[in-house]
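**Student:** Protein chains in written order, with the numbering used here: chain A, 1 to 349; chain B, 1001 to 1349. Where is the CB? At the ideal position from N, CA and C, for every residue including glycine. It should be emphasised that the depicted structure is a prediction, and the values quoted were computed from it without experimental measurement. There's a structure below that I have some questions on.
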DNA sequence: CTGTTAGCGCCTTCAT
DNA sequence: ATGAAGGCGCTAACAG
């Protein structure tokens, strides 16, 4: 592992130079930056002019060393399963960077060491090197070892997805059940009576289980005929084509569903394929709704209705939870549940 | 903008504590870490044991302040156009994080201030605060103001995509022309004589122009009939459906192309739609090849052949270029051109 | 309201 | 091979 290296770099302005340029002491410059109300207005103006002129910004390392605040948040990048890619990765990351920046923080990305799946060593490194003030974890599972581990270290953290009952409830989540229930109501409004849910079964992925449960509950409430393929297609099945085969079986017979709620946009794509393979037409014979509202939706024909996630609100919520902890305010409560928005397009219009 | 905040945190081990625990002085611990050959083996072992026991890692801020090396690289996250999303964002970022980590560096994400598109102020902030040792820029255009700006600051940088002729040639790029030429050869091998290119025209996106040029050159060389819709569909066109309309026009008549090389996987999806709309079958009547090899490829029916980018090699190349500059080795040469791999699936098999 | 003093944790001379 | 100073740039305490 290569270690330290000399690093020639053009000298950057220091607080000392600003102080000299403004004819004040270093401390006054520091005050002008961190406690402006303590500095006389005219002095403040002079200092600020000098700062502007020299392009001065405090050295973040020096400041961090002195104050202990790194002004940096760590984000554990999810391991990207090519068969079931995280559809939000890009959009969510951008929202998170912006939310952090709005609070004066930077975002540091990290991952388990290549070839490894256990993120805990990487988490420990980051904490031990004091590189971050807090951590964001996404795609949190029910008994997530990462959550338990970070909780043990005492470092502020917040999760996208609910934590276990015995763990700190510093999470933001969308209401997956309500989202799918909304999809069901939308389809019922359009006159559909027989509706299917397409997506992996099982409890492995809490968000998917919640979508499925919301679907089941709402169809029951409305007295609709619900088709919930029990075997479920694990993510890999969709890739091998068996997911489509299963969906085709679902779409056969006179009592076939006239609408399908999919657990993700990629699953909705598989539904499109199955519908076509059965000689039916999406949007006319079978309505389809996806989940995530990825760019794919607009590129499909007909355009795919989908559930849009409030990515910016999620990101702000996570950063807010982290800031509260960093400031030492003991955050209490049950986490933050955000609602989604159904974007209706031609596939279910 | 909220500023500095107190930050209670469990005390972490310091070099002083390790020294005491190992019965040596601080410098010896430092040496054990940064110049192990200077420390007697048994002392080294004792120090390492103490480090292990206390979970000590040097405080990165202190080390950075002292040495000037931040051991952090900045990555300017591309502005995500929902109509033309960066299909590599997730996969490339992961590769970049891993490549940086392998060299002992972290990756810091940053973006233009929300509502802004000019990245230069954000770049300046990062540099002035001395938070990074180098920068990575992606999706570089021909006369990219970001490149010119960073070059002026003197901070090490490397780009994914070629820089202008007057600028430092610290770039890594794929051979877009050769990639499309390879697609043409593949299709010619399969017996296709009339081949079309689907993708936006114009010189705005250098990578797309290069793909188009490679297509034109190779079809000419092989004496094939090439269809290159000149008007080109700007990214937004695909979303509005006019892209598909244009492609449908292309697929009409007895002399229609029997194969289509697409400039991206999403464009290939539009080709699928157009082929079907014309009553043709992808893979039988019309072969299709995409670009990027996104997860979408495996989810389509038939599965989409596509050009796979060597993301890990690109990432390693970028990090390598940065390290060389950071070490002060004057990097010379013409940038690094990497070749792609055509993944053949049912759509062109 | 401004200036002085001290030290955050670490690494680089220099001396032993 | 190891130990003793000094200082990177900054800010929190206190002195004036």
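Mark residue 78 of chain A as exposed unless 16 or more other C-beta atoms lie within 10 angstroms of its C-beta, in which case mark it buried.
**Tutor:** It is buried - the Cβ of residue 78 of chain A has at least 16 other Cβ atoms within 10 Å.
**Student:** How would you label residue 252 of chain A, buried or exposed, when you count the other beta carbons within 10 angstroms and need 16 or more for buried?
**Tutor:** Classification for residue 252 of chain A: exposed.
**Student:** Evaluate residue 325 of chain A with the Cβ neighbour count: other Cβ atoms within 10 Å of its Cβ, from every protein chain shown; 16 or more gives buried, anything less gives exposed.
**Tutor:** Flag for residue 325 of chain A reads buried.
**Student:** What residue does the alpha helix (DSSP H) around residue 1271 of chain B start on, and which one ends it?
**Tutor:** That run of the alpha helix (DSSP H) goes 1265 to 1277.
**Student:** Any beta carbon of chain A sitting closer than 8 Å to that of residue 1092 of chain B?
**Tutor:** False, the Cβ-Cβ gap to chain A never drops below 8 Å.
**Student:** Within 8 Å (strictly less), CB to CB, does residue 1070 of chain B reach chain A?
**Tutor:** Judged by the 8 Å Cβ criterion, residue 1070 of chain B is in contact with chain A.
**Student:** Under 7 Å between beta-carbons, which chain B residues line up against residue 60 of chain A? List them in chain order, please.
**Tutor:** Within 7 Å Cβ-Cβ: 1129, 1130 and 1131.
**Student:** Between residue 244 of chain A and chain B, is any beta-carbon pair separated by less than 8 Å?
**Tutor:** Interface residue, yes.
**Student:** Which residues does DSSP list as the beta-bridge partners of residue 105 of chain A?
**Tutor:** BP columns for residue 105 of chain A are empty, so no partner.
**Student:** Taking DSSP as the reference, what is the three-state secondary structure of residue 141 of chain A?
**Tutor:** Correct three-state label for residue 141 of chain A: coil.
**Student:** Determine, using beta carbons only, whether residue 340 of chain A and residue 175 of chain A come nearer to each other than 8 Å.
**Tutor:** Yes. Within cutoff.
**Student:** By alpha-carbon positions, which one of A:100, A:24, A:86 and A:96 ends up nearest to residue 1094 of chain B?
**Tutor:** When only C-alpha atoms are compared, the closest one is A:86.
**Student:** Residues of the region 19 to 48 of chain A with a CB closer than 7 Å to any CB of chain B: list them in chain order, please.
**Tutor:** Of all residues in the region 19 to 48 of chain A, 34 have a Cβ within less than 7 Å of some Cβ in chain B.
**Student:** Please determine, among A:42, A:250, A:43 and A:294, the residue with the shortest C-alpha to C-alpha distance to residue 274 of chain A.
**Tutor:** The candidate whose alpha carbon is nearest that of residue 274 of chain A is A:250.
**Student:** If you drop the 5 nearest sequence neighbours on each side, which residues of the same chain put their C-beta closer than 6 Å to that of residue 1238 of chain B?
**Tutor:** With a pLDDT of only 47 at residue 1238 of chain B, under the threshold of 50, the placement of this residue in the model should not be trusted, and no figure is reported.
**Student:** If you scan the region 37 to 67 of chain A from start to end, which runs of the beta strand (DSSP E) of 3 or more residues do you find wholly inside it?
**Tutor:** For the region 37 to 67 of chain A, not a single whole beta strand (DSSP E) run of length 3 or above is found.
**Student:** Does DSSP put residue 1285 of chain B in a helix, in a strand, or in coil?
**Tutor:** Residue 1285 of chain B falls in the coil class under three-state DSSP.
**Student:** Tell me whether the beta-carbon of residue 1131 of chain B lies closer than 8 Å to the beta-carbon of residue 1070 of chain B.
**Tutor:** It is a contact, given that the beta carbons lie within the stated cut-off.
**Student:** What number of angstroms, rounded off, separates the C-alpha of residue 62 of chain A from the C-alpha of residue 133 of chain A?
**Tutor:** Cα-Cα distance, rounded: 16 Å.
**Student:** Is there contact between the region 1213 to 1232 of chain B and the region 1164 to 1181 of chain B, where contact requires at least three CB pairs shorter than 8 Å?
**Tutor:** Counting Cβ pairs under 8 Å, three or more are found: they touch.
**Student:** From the DSSP secondary-structure annotation, give me the bridge partner or partners of residue 173 of chain A.
**Tutor:** Beta-bridge pairing links residue 173 of chain A to A:337.
**Student:** If you reduce the DSSP assignment to three classes, tell me which class residue 332 of chain A lands in.
**Tutor:** Reduced to three states, the DSSP call for residue 332 of chain A is coil.
**Student:** Counting only Cβ pairs nearer than 8 Å, list the residues of chain A close to residue 1307 of chain B.
**Tutor:** Ordered by position in chain A, no residue passes the 8 Å Cβ test against residue 1307 of chain B, which lies about 16 Å from the chain.
**Student:** Under 8 Å, do residue 30 of chain A and residue 51 of chain A count as touching if we go by C-beta distance?
**Tutor:** Contact: no.
**Student:** With 16 as the cutoff for other CB atoms within 10 Å, does residue 347 of chain A come out buried or exposed?
**Tutor:** Label assigned to residue 347 of chain A: buried.
**Student:** Between residue 53 of chain A and chain B, is there a C-beta pair that is closer than 8 Å?
**Tutor:** Cβ-Cβ to chain B under 8 Å: no for residue 53 of chain A.
**Student:** Using 8 Å as the limit for Cβ to Cβ distance, is residue 157 of chain A near chain B?
**Tutor:** No, residue 157 of chain A lies away from the interface with chain B (no Cβ there is under 8 Å from its Cβ).
**Student:** Please report the distance separating the alpha-carbon of residue 198 of chain A from that of residue 254 of chain A.
**Tutor:** Approximately 19 Å between the Cα atoms of the pair.
**Student:** May I ask you to report which of helix, strand or coil DSSP gives residue 1248 of chain B?
**Tutor:** Helix.
**Student:** Taking the C-alpha atoms as reference points, what is the distance between residue 181 of chain A and residue 244 of chain A?
**Tutor:** Spanning the two alpha carbons is a distance of roughly 24 Å.
**Student:** I want to verify the contact list: residues of chain B whose CB lies under 7 Å from the CB of residue 176 of chain A, in sequence order.
**Tutor:** Residues of chain B passing the Cβ test: none, with the nearest at roughly 22 Å.
**Student:** So residue 361 of chain A is in the beta strand (DSSP E); what residue range does that whole segment cover?
**Tutor:** Residue 361 of chain A lies beyond the stretch modelled for chain A, which goes from 1 to 349, so this question has no answer here.
**Student:** Per DSSP, residue 194 of chain A is paired with what?
**Tutor:** Looking at the DSSP assignment, residue 194 of chain A forms a beta bridge with A:225.
**Student:** Chain B beta carbons: is any one of them nearer than 8 Å to that of residue 266 of chain A?
**Tutor:** For residue 266 of chain A, the answer is yes, since a Cβ of chain B falls inside 8 Å of its Cβ.
**Student:** Give me the Cβ distance between residue 136 of chain A and residue 75 of chain A, rounded to the nearest whole Å; I'm assuming they're in contact under 8 Å.
**Tutor:** The pair is a contact, with the Cβ atoms about 5 Å apart (cut-off 8 Å).
**Student:** Taking 8 Å as the threshold (beta carbon to beta carbon), is residue 170 of chain A in contact with chain B?
**Tutor:** Not closer than 8 Å to any Cβ of chain B, the Cβ of residue 170 of chain A fails to qualify, so no.
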